[in-house]
Amino acid sequence: MSTILDGKKISEMRLEILKEGIEDSGLYPRLATVIVGSDPASQMYVRMKHRACERVGIGSVGIELPADTTTQGVLDSVNRLNRDSDIDGILVQLPLPKGIDAERVIAEVSPEKDVDGFHPENLGLLFSGRPNFTPCTPTGIMTILAEYKIPVAGARAVVVGRSIDVGRPMSALLTNADATVTVCHSKTKNLAEELRRADILVSAIGRAHFITPDMVKPGAVVIDVGINQLNGRLTGDVDFDAVKDIASAITPVPGGVGPMTIATLMENTFRAAKVKSCDNVW
Ligand code: GUN
């Protein structure tokens with residue numbers, strides 16, 4: 044029987060600690076979210092982020108722009124938030140509607156307020172082994188591994204997916220923690236063979252039940268980033284019921300990685316506020 048890696052429980056614990064830390068600091072961190080259009084999933088994620096803010100004592104401001112906003116319109120909003128000294132963190136909810144240049148928007152966010160960790164400067168720092176703000180989902184996964192004392196140094200880690208928000212930064216965080224990392228993607232040959240080598244397998248491809256027992260080494264730690272709908276139910280990339288008895292530890296969906304993303308966003312926002320307050324002192 045494998046250990047169920049309870050991201051929900053860890054996130055609750057960390058949010059409580061964070062709440063106390065914020066109270067003790069005397070700071071009032073503030074997060075601004077920017078959402079463009081009315082995608083229901085994005086709206087739900089942003090609502091959850093605002094709720095988490097309220098819970099830990101972070102102020103939040105929501106900017107809602109219509110789906111037909113131009114790239115320049117989004118850049119203007121981001122710039123206003125960059126200049127607003129009351130705002131510590133800025134999050135532009137992704138994906139942006141087609142036609143908006145997401146790369147330009149991400150690059151416009153001030154690196155000091157980039158609590159998503161997607162700005163090229165912050166990604167560059169992460170990949171050069173000197174991380175500043177790091178993307179919330181992979182950072183949350185590193186927290187799960189640390190909380191459960193899962194050894195990373197020397198482990199063979201395989202990441203499935205090479206997105207800028209999960210797969211690539213995940214590979215950098217694991218590399219920085221001395222794992223031996225392989226990144227697999229749609230063009231990878233002999234995928235099952237690659238995955239069967241993994242001591243730590245992270246799947247972030249967004250295909251329900253893609254990871255089957257024949258792809259998992261007995262005793263592997265399996266981290267499921269997928270959020271997919273299957274027959275009206277939320278399900279991960281991993282065929283959980285079939286894989287759970289092969290793995291030594293596995294994250295459920297829901298209740299695994301998802302809550303850690305939000306907890307990490309809150310931690311990053313507090314960090315941004317603390318750094319700013321130190322800058323003000325000096
Ligand atoms: N859309 C899905 N996940 C994320 C995330 O971590 N940050 C942002 N900004 N958008 C997302």
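Residues 44 to 325 (this note's numbering) are what the sequence shown spells out, left to right.
Glycine residues also receive a C-beta, built at the ideal position from the N, C-alpha and C atoms.
Since this is a predicted model, take the numbers as computed values, not measurements.
Cβ shell of residue i (< 8 Å), same chain only, five flanking positions each side left out
i, result
"T304", "C179, T180, G183"
"G269", "S246, A247, I248, G249, R250, A251, F253, T278, G279, D280, V281, V296"
"V148", "T114, V117, L118, V121, V135, L139"
"Q61", "The sequence given here places Leu at residue 61; Gln does not occur at that position. Cβ within range, chain order: V99, A306, M309, E310, F313."
"S103", "R73, L74, A75, T76, K92, H93, C96, E97"
"A150", "H162, P163"
Heavy atom of the ligand GUN within 8 Å of residue i beta-carbon
i, result
"L108", "no"
"T304", "yes"
"Q136", "yes"
"F176", "no"
"P112", "Reading off the sequence shown, one finds Thr at residue 112, where the question assumed Pro. No, the beta carbon of T112 sits no closer than 8 Å to any heavy atom of the ligand GUN."
"S85", "yes"
"F161", "yes"
"T180", "yes"
"L216", "no"
"L308", "yes"
"D208", "yes"
"Y191", "no"
"Y88", "yes"
Buried versus exposed, by CB contacts within 10 Å (16 or more), residue i
i, result
"M87", "exposed"
"A189", "exposed"
"D288", "exposed"
"S327", "Given a span of 44 to 325 for the chain in the structure shown, any question on residue 327 remains unanswerable."
"A84", "exposed"
"L273", "exposed"
"G160", "buried"
"M56", "exposed"
"S229", "exposed"
"S81", "exposed"
"N233", "exposed"
"L146", "Note on identity: in this sequence residue 146 is Glu, with Leu being the wrong assignment. By the neighbour-count rule (16 or more Cβ atoms within 10 Å), E146 is not buried but exposed."
"M44", "exposed"
"R211", "buried"
"T46", "exposed"
"K156", "buried"
"A235", "exposed"
Residues of its chain near residue i, where Cβ-Cβ distance is below 7 Å and the 5 sequence neighbours each way are ignored
i, result
"L48", "I187, Y191, A292, I293, T294, G299"
"G172", "N219"
"E237", "V201, T225, C227, T231"
Residues near residue i by beta carbon distance below 6 Å, same chain, minus five either side
i, result
"F383", "No statement about residue 383 is possible, as the shown extent of the chain runs from 44 to 325 and does not include it."
"S153", "N125"
"S54", "P302, M303, A306"
"A196", "D221"
"R205", "R211, V226, H228"
Integer Cβ distance of residue i from residue j, believed to fall under 8 Å
i, j, result
"I101", "I78", "Not a contact, Cβ separation roughly 17 Å."
"I13", "A198", "The chain is shown only over 44 to 325; residue 13 falls outside these bounds and no answer can be derived."
"V264", "I193", "5 Å"
"V89", "G105", "7 Å"
Residue i: CB within 8 Å of a non-hydrogen atom of the ligand GDP
i, result
"E97", "Looking at this structure, you won't find the ligand GDP anywhere; what it does contain is the ligand GUN."
Contact the region 289-307 vs the region 107-124: 3+ CB pairs below 8 Å: By the C-beta criterion, the region 289-307 is judged not to be in contact with the region 107-124, since fewer than 3 inter-stretch pairs fall below 8 Å.
Specify whether the region 125-139 and the region 66-83 touch according to this definition: at least 3 beta carbon pairs, one from each stretch, less than 8 Å apart. At 8 Å Cβ cutoff, the stretches touch.
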